[in-house]
Amino acid sequence: MAEPYVEQVEYLDVLTKIGKKIGKKIGGSKPRGDVHRDGDYHKAVHVWIFTESTQELLLQKRADCKDSWPGLWDISSAGHISAGDSSLITAQIPILKYINIALRSSFYG
1 MAEPYVEQVE YLDVLTKIGK KIGKKIGGSK PRGDVHRDGD YHKAVHVWIF
51 TESTQELLLQ KRADCKDSWP GLWDISSAGH ISAGDSSLIT AQIPILKYIN
101 IALRSSFYG
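Quick note on the UniProt record's numbering: the sequence shown kicks off at 1 and runs consecutively.
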């Protein structure tokens, strides 16, 4: 018998107003939904893709099932930084997953 599907909860580090992590390990992290509900400060990455040859800024349309701003135009790529992860790794994941582009670290300024 197949295992039932269990949705994984994404944990985000909770930050102070000046960007310092609150607490240590899991004590300073909360589920993504709780962070948004409570209005906690947290990290995210935004990647803007600009094509020099055509002078265009590439945007994406958000899925209708998104919990925030469904169906609207958005930046090229973005993502929450999961608890303990780095911003560079987090930036690379949605670009590869949704746009199918693998960028070298030297592309990030």
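Yeah, the Cβ is synthetic: ideal placement off N, Cα and C, and Gly gets one too.
Looking only at DSSP bridge pairs, what is residue i linked to?
i, result
"Lys21", "Leu15"
Going straight from the alpha carbon of residue i to that of residue j, what length do you get?
i, j, result
"Gly23", "Gln55", "44 Å"
"Ser68", "Val47", "18 Å"
"Gln92", "Asp74", "17 Å"
Under 6 Å Cβ to Cβ from residue i, same chain only, skipping five residues before and after it: list those, please.
i, result
"Leu58", "Ile49, Ser76"
Can you list, in chain order, the residues of its chain whose CB lies under 7 Å from that of residue i, leaving out five sequence neighbours each side?
i, result
"Ala83", "Tyr11, Leu12, Asp13, Ser29"
"Ala44", "Ala78, Gly79, His80, Ile81"
"Leu103", "Gln92, Ile95"
Would you call residue i buried or exposed, if buried means 16 or more other Cβ atoms sit within 10 Å of its Cβ?
i, result
"Lys17", "exposed"
"Ile95", "buried"
"Val9", "exposed"
* Unbroken stretches of the beta strand (DSSP E), 3 residues or longer, contained in the UniProt domain "Nudix hydrolase" (40-109) -> 44-47, 49-51, 56-58, 77-80
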